[in-house]
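In the working numbering, the protein residues as written are -7 to 58. All residues carry an ideal CB built from backbone N, CA and C; glycine is no exception. From a predicted model like this one, the values you see are computed outputs, not experimental measurements. Below is one structure, written out as structure tokens; the observations come after it.
Written out as structure tokens, the structure reads:
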């Protein structure tokens, strides 16, 4: 049977691991957002492509529909 102290350490370790995963996920989301914005800028700067004014989020949805 685990002791209260051992249980507290395990809960703390689990919490730290979840916070670490959350931070990694947020960083990955931010990197993807930046790549998406860069792609939007590149695509909208092409003369042969006339894109309606869209947010990067909407642009990614448009690209997926093609």
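Residue -3 to residue 3 span [Cα, whole Å]:
Those two C-alpha atoms are separated by around 10 Å.
Considering residue 23, what are the terminal residues of the alpha helix (DSSP H) in which it resides?
In the DSSP assignment, residue 23 falls within the alpha helix (DSSP H) that extends over -4 to 37.
Through-space distance from residue 20 to residue 35, alpha-carbon basis:
Between residue 35 and residue 20, the C-alpha separation is close to 22 Å.
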